[in-house]
Amino acid sequence: MNAARIAALSRAGVAVEVVPETGSTNADLLARAAQLEAPLLLIAEHQTAGRGRAGRSWLSAPGHSLTFSLAWRFDGGLHALTGLPLAVGVALAETLGRLGQHVQLKWPNDLLKDGDKLAGILVETQPAGGAAWAIVGIGLNLAMPDELEARIGRAVAAVPWLARMDRDTLMAAVLDGLAQALREFGAKGFAAFSARWNLLHAYQGQPVTIIDRGEVLHEGLAAGVDDAGRLLLDTEQGRVRIVAGDVSLRPKNT
Ligand code: ATP
Numbered sequence: 020m021n022a023a024r025i026a027a028l029s030r031a032g033v034a035v036e037v038v039p040e041t042g043s044t045n046a047d048l049l050a051r052a053a054q055l056e057a058p059l060l061l062i063a064e065h066q067t068a069g070r071g072r073a074g075r076s077w078l079s080a081p082g083h084s085l086t087f088s089l090a091w092r093f094d095g096g097l098h099a100l101t102g103l104p105l106a107v108g109v110a111l112a113e114t115l116g117r118l119g120q121h122v123q124l125k126w127p128n129d130l131l132k133d134g135d136k137l138a139g140i141l142v143e144t145q146p147a148g149g150a151a152w153a154i155v156g157i158g159l160n161l162a163m164p165d166e167l168e169a170r171i172g173r174a175v176a177a178v179p180w181l182a183r184m185d186r187d188t189l190m191a192a193v194l195d196g197l198a199q200a201l202r203e204f205g206a207k208g209f210a211a212f213s214a215r216w217n218l219l220h221a222y223q224g225q226p227v228t229i230i231d232r233g234e235v236l237h238e239g240l241a242a243g244v245d246d247a248g249r250l251l252l253d254t255e256q257g258r259v260r261i262v263a264g265d266v267s268l269r270p271k272n273t
């Protein structure tokens with residue numbers, strides 16, 4: 020991939036760097052956040068130690084995925100970033116939709132295609148005076164070699180049609196969708212995204228369980244998200260609102 024070409028194809032006005040290989044683009048940008056003066060997109064052709072939530076791993080094979088992080092500065096403090104990972108999911112899903120790939124969202128922030136995980140999002144933050152840097156990390160499967168799927172150990176999705184698209188053009192489209200969403204989030208917060216999230220919700224009205232380290236915390240029907248990005252769950256005891264934290268959602272009986 021070519022950084023200058025991606026920057027030229029994009030309308031976002033964001034600096035772009037491409038490295039052949041690194042451990043984690045999120046870790047690299049977090050380490051640089053204190054020195055950054057403007058948004059920066061860091062793309063790794065190969066990411067060897069990709070991270071998910073709660074210390075989980077994101078696996079990828081060179082040439083078969085997009086692995087990148089976008090550092091973005093928000094004026095409010097960390098509390099203003101509630102719901103940001105969900106807004107990023109909306110932005111990525113809408114961008115893929117414009118490219119002809121229809122995907123759904125699993126709360127809080129996974130992209131699914133035909134029920135299997137297509138992309139992971141990890142947002143990490145660093146305070147900067149009264150402001151905050153958000154490092155928005157994304158791993159998106161384009162193709163899925165059998166060997167990689169075996170290593171991941173569960174059914175996963177890919178978008179082979181997009182894998183055939185010029186990589187720099189695809190990356191520029193994703194960058195533009197994200198930059199626009201991050202600006203909107205900065206101005207209006209997650210309230211500007213909740214209805215859009217709900218339109219893309221994979222499990223609307225379906226029975227799900229909420230799990231914390233293997234323990235079932237709640238069971239109920241998933242009813243979308245509120246303006247703070249909390250999952251609305253209709254349980255036998257009534258509606259509960261669940262904050263993302265490190266809990267995971269599973270469709271019931273899978
Ligand atoms: P879950 O997907 O189990 O609900 P999560 O949303 O917290 O958990 P993340 O932290 O976003 O998951 O991503 C890490 C998980 O994603 C890993 O535990 C692994 O199961 C899965 N995974 C790792 N690499 C890939 C990949 N390339 N494609 C799809 N899934 C992957």
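Taking this note's numbering, the leading residue of the sequence shown gets 20, the next gets one more, and so forth. Here a beta-carbon is modelled for each residue, glycine too, at the ideal position from N, C-alpha and C.
Buried versus exposed call for residue i [16 or more other C-beta atoms within 10 Å across all chains shown]
i, result
"Q123", "buried"
"N45", "buried"
"I160", "The question names Ile, but residue 160 in the sequence shown is Asn. That one is buried."
"W180", "exposed"
"R269", "exposed"
"Q225", "exposed"
Continuous alpha helix (DSSP H) stretch holding residue i: start and end
i, result
"G199", "It should be pointed out that residue 199 corresponds to Gln in this sequence rather than to Gly. Counting along the chain, the alpha helix (DSSP H) containing Q199 begins and ends at R186 to K207."
"W180", "P179 to A182"
"V38", "Run containing V38: none in the alpha helix (DSSP H); it sits in the beta strand (DSSP E), A34 to T41."
Close Cβ partners of residue i (< 7 angstroms) along its chain, the five nearest in sequence each way excluded
i, result
"L141", "N45, R70, G71, R72 and G156"
"T254", "H237, E238 and G239"
"W77", "G69, R70, G71, G139 and G158"
"A31", "L194, D195 and A198"
"A80", "P164 and L167"
"L201", "W91"
Host beta strand (DSSP E) of residue i (start-end)
i, result
"S88", "S84 to F93"
"D231", "P226 to D231"
"A150", "A150 to N160"
Same chain, Cβ closer than 8 angstroms to residue i, neighbours up to 5 away in sequence not counted
i, result
"Q223", "N217, A241, A242 and G243"
"G96", "P146, G149, A150 and A151"
"A221", "Q123, L124, K125, L131 and G134"
Sequence-distant residues of its chain with Cβ nearer than 6 angstroms to residue i (five each side left out)
i, result
"I25", "V35, D187, M190 and A191"
"L59", "A34 and A90"
"A174", "D135"
Worksheet item: Are three or more beta carbon pairs between the stretch 211–218 and the stretch 99–115 nearer than 8 angstroms?
Response: Here the stretch 211–218 lies against the stretch 99–115, with 3 or more beta-carbon pairs under 8 angstroms apart.
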